[in-house]
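Take a look at the structure below.
Numbering (our numbering), first residue to last: 2 to 830.
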């Protein structure tokens with residue numbers, strides 16, 4: 002209802018609510034006292050008195066969602082002037098003000114207004130906006146005052162975060178001082194109009210985080226913050242105002258952007274079934290989002306080690322500081338600028354630098370932008386203002402460029418001013434290299450042809466009586482599996498340190514059973530200590546295993562030169578007589594399956610450790626699929642093939658089944674299906690088709706096992722016959738993903754990370770390979786807390802046994818048991 006009849010001071014507004022229903026308006030003749038509430042016309046919000054936290058006795062007037070069970074205010078009136086008892090009164094007075102009175106009728110807090118009216122009313126709108134207007138004004142949106150102009154720590158849909166250029170009013174968020182004190186804290190969040198507008202967080206006057214400038218689609222430093230099925234947002238910039246705002250596409254969703262007292266900007270969503278708020282994504286996702294983390298002209302990449310690198314043609318300003326991992330001093334050009342002969346080099350895939358010292362023009366072309374920047378000796382870089390429709394507008398920077406980070410996807414191009422000599426060397430690099438290559442290659446080619454003919458004759462003579470594995474001492478030749486119909490004949494030789502058989506025999510105490518730490522189709526693995534004290538793991542090829550011979554060759558071909566912190570390191574080999582051995586770094590914590598599937602040991606892996614393991618495996622796979630010298634598909638990723646170092650960091654091992662590809666190849670077809678059921682993708686197990694998406698499927702299974710603490714193939718539930726994938730998918734669709742979590746994680750887990758990990762795992766095990774994300778996208782989804790696409794039906798939703806051979810289907814029959822070892826299945830077609 003819109004108005005109240007006249008109420009005496011001692012009357013209760015709660016009684017009138019019972020009589021008249023929802024109350025969303027008070028007039029100059031009415032008041033709301035402690036214990037009463039005003040409810041918005043749609044019943045979405047409530048306004049009333051509250052005490053924050055568990056211990057505070059101070060009283061405040063605030064607004065909160067009516068549908069949530071907990072009172073979490075989205076706006077607070079008297080943030081710095083609390084009431085000290087429950088005798089406060091909120092009322093509207095002429096000429097159009099809202100005032101809060103204490104028990105002595107002194108004004109504790111009041112609004113302001115530039116106009117005077119005779120019949121003011123205060124109303125709580127269904128948007129959460131508390132407004133004062135003239136009851137006689139035919140325009141209901143002609144407000145005298147509104148709470149949306151003075152947000153607290155929460156940005157509601159429809160609130161303009163930014164500057165009114167006419168009145169000078171800036172709308173920004175400020176954190177609470179603590180969880181039980183809503184007074185303005187240290188952190189503020191702004192849409193800063195200085196230079197070209199950008200969203201940023203400040204602690205006091207210092208910037209701590211910056212989302213990057215608006216590029217027409219999103220903030221350049223927040224690639225995952227895009228319009229989606231829940232929210233849509235954008236930036237408005239004209240002669241009257243500059244602001245950022247968002248709207249809820251799905252009106253049934255309760256979601257806000259809130260600034261926490263410790264300086265984190267988070268989008269949160271109310272989950273009704275869990276009766277709690279869940280972090281949907283954070284504006285600053287990792288260390289690389291820390292403002293100026295790598296200094297001027299330094300670029301941060303969360304996937305590199307170390308995180309900070311200088312841009313190409315730059316070097317550390319203070320090298321000694323960089324050696325100590327202090328990157329704050331940034332980088333400088335290797336060659337100084339001279340203004341008149343300068344040019345620009347292109348740097349791709351970056352978060353654009355701080356734009357507070359920038360200039361922009363919305364109509365210029367990129368070529369015009371370049372000319373303007375070139376004429377100004379203080380201009381250090383330029384780019385397109387808007388990336389839509391091929392790019393338009395001009396954005397250029399005055400002074401040094403700071404707060405740059407490398408983005409694995411959705412980064413932008415920037416053109417940075419460089420000296421003429423740097424431009425010439427960059428431009429001539431490709432031509433110069435070609436000339437040098439030709440000059441060297443032609444004579445060498447002729448010599449290599451002659452050498453190849455000679456070696457070929459020798460090898461042909463030896464072929465009948467010699468094993469093709471050993472071509473020269475310490476070198477392993479390429480191997481072509483004739484059972485496989487795909488191209489695996491990469492005839493490359495890899496140099497490996499050659500270790501003496503006698504030394505390895507001594508190191509392992511003559512391969513004693515006490516030192517045996519593993520066994521597989523290839524043979525046994527032993528722990529050893531070399532003469533210098535280095536601990537190693539020795540993989541000894543079984544004399545009777547043909548499968549082990551293939552694995553031995555393949556493992557060397559795949560990982561001899563791979564170097565990544567999340568891959569096990571191959572130290573050398575031994576080939577003497579009938580013995581063939583590979584020597585690896587020794588990892589004392591052995592394999593992941595010994596922890597997550599063991600009732601006692603699983604307690605040693607809390608959620609932060611498990612989440613670190615998930616991310617480490619993802620980084621290792623991305624290196625294999627994307628960043629290694631050859632594209633490598635592991636084909637047997639499982640918990641027992643993930644080893645843990647002394648700090649529980651994961652390292653992918655056992656590349657005996659792996660396949661390598663060159664160029665743009667991403668997969669192949671085979672009749673020799675190798676791997677472990679429960680981890681194999683549907684298209685591989687059934688049709689022999691494998692690709693990088695086969696590894697993604699295995700990774701998804703592994704993620705769900707890490708979260709759940711149970712094996713996919715041995716999972717049993719009393720209420721249904723689904724395997725782990727089917728059970729996880731069912732809980733996810735029903736909004737109950739937390740029921741999947743290992744009980745050992747209850748006290749240590751971060752709900753948003755766990756829910757996100759389950760969702761990402763289900764995206765990885767989708768039936769169709771095309772629906773599964775790449776590993777680079779997986780890493781972004783795990784770390785950046787952006788919007789995730791809906792998960793489709795997983796592959797191998799259920800299991801069945803057909804004619805004695807384990808198969809998979811969509812049936813609901815009881816799953817059969819199976820040995821968990823790696824198998825090879827010949828599929829005659």
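No residue lacks a Cβ here, since even glycine has one placed at the ideal position from N, Cα and C.
DSSP three-state label for residue i, please.
i: residue 533; result: coil
i: residue 332; result: strand
i: residue 834; result: As shown, the chain starts at 2 and ends at 830. That puts residue 834 outside it, with no answer to give.
i: residue 627; result: helix
i: residue 779; result: helix
i: residue 325; result: coil
i: residue 557; result: helix
i: residue 613; result: helix
i: residue 658; result: coil
i: residue 681; result: coil
i: residue 235; result: strand
i: residue 643; result: strand
i: residue 50; result: strand
i: residue 601; result: coil
i: residue 263; result: coil
i: residue 740; result: helix
i: residue 32; result: strand
i: residue 417; result: strand
i: residue 286; result: coil
i: residue 387; result: strand
i: residue 68; result: coil
Round the Cβ separation of residue i and residue j to the nearest angstrom and send it over; I've been treating them as touching at under 8 Å.
i: residue 154; j: residue 53; result: Going by Cβ atoms, the distance from residue 154 to residue 53 rounds to 11 Å, so no, they are not a contact pair.
i: residue 196; j: residue 211; result: No, residue 196 and residue 211 are not in contact; Cβ-Cβ is about 12 Å, not under 8 Å.
i: residue 718; j: residue 728; result: 6 Å
i: residue 167; j: residue 241; result: 5 Å
i: residue 593; j: residue 614; result: 7 Å
i: residue 279; j: residue 756; result: 7 Å
i: residue 509; j: residue 516; result: 5 Å
i: residue 420; j: residue 339; result: 7 Å
i: residue 580; j: residue 502; result: 6 Å
i: residue 536; j: residue 587; result: 4 Å
i: residue 83; j: residue 51; result: About 11 Å; that fails the 8 Å criterion.
i: residue 621; j: residue 597; result: In fact, because the Cβ distance is near 17 Å, the residues do not count as touching under 8 Å.
i: residue 361; j: residue 394; result: 7 Å
Going by DSSP, what residue range makes up the beta strand (DSSP E) through residue i?
i: residue 246; result: 242-249
i: residue 374; result: From DSSP, residue 374 is part of no beta strand (DSSP E) but of the alpha helix (DSSP H) over 367-376.
i: residue 131; result: 131-135
i: residue 597; result: First-last for residue 597: 594-597, but that is the alpha helix (DSSP H), not the beta strand (DSSP E).
i: residue 507; result: From DSSP, residue 507 is part of no beta strand (DSSP E) but of the alpha helix (DSSP H) over 502-508.
i: residue 381; result: 380-384
i: residue 266; result: 266-272
i: residue 83; result: Residue 83 -> no beta strand (DSSP E), and no H or E assigned at all.
i: residue 344; result: 344-352
i: residue 214; result: 207-214
i: residue 512; result: It is not in any beta strand (DSSP E) - residue 512 carries neither H nor E in the DSSP assignment.
i: residue 280; result: 277-283
i: residue 108; result: 108-111
i: residue 632; result: 632-634
i: residue 359; result: 359-362
i: residue 56; result: Counting along the chain, residue 56 falls outside any beta strand (DSSP E), and DSSP gives it neither H nor E.
i: residue 575; result: 571-577
Can you name the start and end residues of the alpha helix (DSSP H) that residue i belongs to?
i: residue 753; result: 752-765
i: residue 730; result: 725-734
Tell me whether residue i, by its Cβ, gets closer than 8 Å to a heavy atom of the ligand NAD.
i: residue 230; result: For the ligand NAD, the structure offers nothing, since it holds no ligand at all.
Inter-stretch contact at 8 Å, needing at least 3 Cβ pairs: the segment 213-222 / the segment 378-390: With a cut-off of 8 Å, the segment 378-390 and the segment 213-222 count as touching, because enough Cβ pairs lie within range.
Can we say the segment 772-781 touches the segment 735-745, given the rule of at least three CB pairs closer than 8 Å? Flag = no, the segment 772-781 and the segment 735-745 do not touch.
Taking contact to mean at least 3 C-beta pairs separated by less than 8 Å, is the segment 743-754 in contact with the segment 692-704? Short answer: they don't touch.
Do three or more CB pairs link the segment 622-632 to the segment 569-579 at distances below 8 Å? No contact exists between the segment 622-632 and the segment 569-579.
Quick check: the segment 260-274 against the segment 201-210, are there 3 or more CB pairs under 8 Å? Segments in contact, yes.
The segment 353-361 contacting the segment 392-412, beta-carbon criterion three pairs below 8 Å: Yes: at least three Cβ pairs fall under 8 Å.
What runs of the beta strand (DSSP E), each 3 residues or longer, lie entirely inside the segment 138-208? List check, beta strand (DSSP E) in window: 144-147, 162-165, 174-179, 182-193, 199-204.
Touch test, the segment 56-69 against the segment 168-176, Cβ-Cβ under 8 Å, three pairs minimum: Touching, no, given that fewer than three Cβ pairs across the two stretches are closer than 8 Å.
Are three or more beta carbon pairs between the segment 29-41 and the segment 106-115 nearer than 8 Å? Judged by pairs of C-beta atoms under 8 Å, the segment 29-41 does not touch the segment 106-115, as fewer than three such pairs exist.
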